[in-house]
Structure formats: C-alpha cells, structure tokens
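With my numbering as the guide, the letters of the sequence shown map in order to residues 340 to 599. Cβ atoms here follow ideal geometry from the backbone N, Cα and C, with glycine treated the same way.
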Amino acid sequence: MLSSSAGNSRQDEQNPQEQKAGQKTPQSTSMKPLLLVALLGCLAAVSAAPAGKVRWCVKSDQELRKCMDLAAAAPAFACLKKANTLECIIAIKSGEADAITVDGGDVYTAGLNNYDLHPIIAEDYGDASETCYYAVAVVKKGTGFGIRELGGKKSCHTGLGKSAGWNIPIGTLVSMNIIQWDGIEDKPVEEAVSTFFHASCVPGATRGSKLCELCKGDCSRSQKEPYYDYSGAFQCLAEDAGEVAFVKHLTVPGQCHISQ
C-alpha cells in the first residue's frame, strides 16, 4: 500500500551504516528470530529524485492502479511497472526509477553494496498497531509433527528472501541445527533447504527446482504466482499443496475473516 507520506522522498547524505542504525543485519550462518517493526519501508537511491516527478516502481497490476490513482491526485508522482522487487531495485540503482515500497526482508537486500539503496520512510502506527508481527509456522488442526519434525515435509513460503516466509524461519531452523548448513562457502542456503524439505513453494526460487515444485503458477515473486505472499502461502496450505506454511501471525485470522 502506498502511503501519502511517500511524497517526502529526499536526498539523504548520511553514511549507510549511520542511516541503518538500529536495524539488525541478517548473518549468513546464524539468523536469529526477531520482531520486525515498521514492516513496510520506502527505499530510494542515494541521489535525489529528478526535479518534477518521483518515479515509483510497482510490481503488479494492483499496485499500478493504486500508483496511477496517487499520480492523478498528486502530479509529483509517476509510475513504472516491473516484474518483481529485484527488478525494481535494479531500476532504482540504474536511475530508471526513484522509489519502491518493500517488506522488511527486502530492505536488507536493497542495502547491499551492489545496490546501495537507503530506507527513507517507514510506517509505524504506534504500540497498539499491527506494524509488528511474529513469524509463525502454521499447520492444519490434528497435525502430528512439530518444528523438529519438519524434515521431509512439504512447505509453503511467502517468497524467497521475505522476512516471515523465509529469512526468519530458515534462519531459526539453521540456528537450531535442524537444517544442516555451514554457510555460503559450503553451498547456497537454497540447496540446503531443498534437501531438507520434500518439496516446497518458494516464490522467487529457481524455476524447475524443488523449491518451486508445489507452486501453482510461475513461481515468481509476484501476483502471477497464486501462492505468493502471506495469503498465497496460506492458500498453499489450505489447498493441501503443502503441510506447513511460514507466514506472520496475523495471516490466519485475516484469511479466516475473508473466507467467512
């Protein structure tokens, strides 16, 4: 959801380390469970947006419609559609776009040296709001296995590199030595995960791999994949494609309310 506060995009000359003070950077071999605050972030290139319009990068037709409505009300905005978050990040880096709204997991990716984007706005509605969430593993009622018995099961994830659906659960399983992985020097973490689970749907993973085996569409990190994002991972579980879904704790009551 695009926030009206996004119009405050500006040039920020702070050192990247200073600008990200307070953020926890995921470690390659020991990612710990954490409570994410201000889940939606606005990322922008270090250089200022061109005078006139802020070019907002979107990743779906739904986002494009919202952006066009915003641009109609606020001429300072223009819209650019790309296939996924990574393409938007690259577009901002190359100067084709200026800003994007992302989830907490993508803030880390966008801040890497090869992209060097900076978070400039975060949504936070106070302590009583739903901007904080827990990453949870959801199974169907009557399931007879726990977290230590996930090996060989079929898993549903919100997307590769996303916080609740990938970074936190996979980091937790690695830190508990449930998934055996000795770091990137050993092998890609995706390979370790594909060996651990029987099959998965991880939108954004390599098509044709075990991590895309359960996906219903093209396995992209976009709305072209029905099992993408929180609602998609939950649907993956509900339709019996998977046996466990990694989502945020607000997903289950939210989806149950929609289905009623």
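Spatial distance of Leu512 from Phe416 (CA atoms): 42 Å
Between the CA atoms of Asp400 and Glu564 - distance to the nearest angstrom: The straight-line gap separating the alpha-carbon atoms of Glu564 and Asp400 is approximately 13 Å.
Spatial distance of Cys495 from Gly391 (CA atoms): 43 Å
Residues sharing a beta bridge with Lys555, DSSP: Answer is none; Lys555 lacks a bridge partner.
Beta-bridge partners of Val393, as assigned by DSSP: Phe416
Alpha carbon of Gly491 to alpha carbon of Phe535, nearest angstrom: Roughly 6 Å between the two C-alpha positions.
6 Å Cβ shell around Ala436 - same chain, five flanking residues per side excluded: Arg394, Cys396, Leu419 and Ala430
As assigned by DSSP and simplified to three states, the class of Ser539: strand
Alpha helix (DSSP H) segment containing Pro508, residue limits: Note, Pro508: alpha helix (DSSP H), Ile507 to Ser514.
Residue range of the alpha helix (DSSP H) that includes Thr440: Looking at the DSSP string, Thr440 is not in any alpha helix (DSSP H); the run it does join, the beta strand (DSSP E), is Ala438 to Val441.
Distance between beta carbons of Val446 and Trp505, contact taken as under 8 Å: 14 Å between Cβ atoms; not a contact.
Collapsed DSSP secondary structure at Pro527 in the structure displayed: coil
Sub-8 Å separation of Ala531 and Ile518 beta-carbons: The Cβ atoms of Ala531 and Ile518 lie closer than 8 Å to each other.
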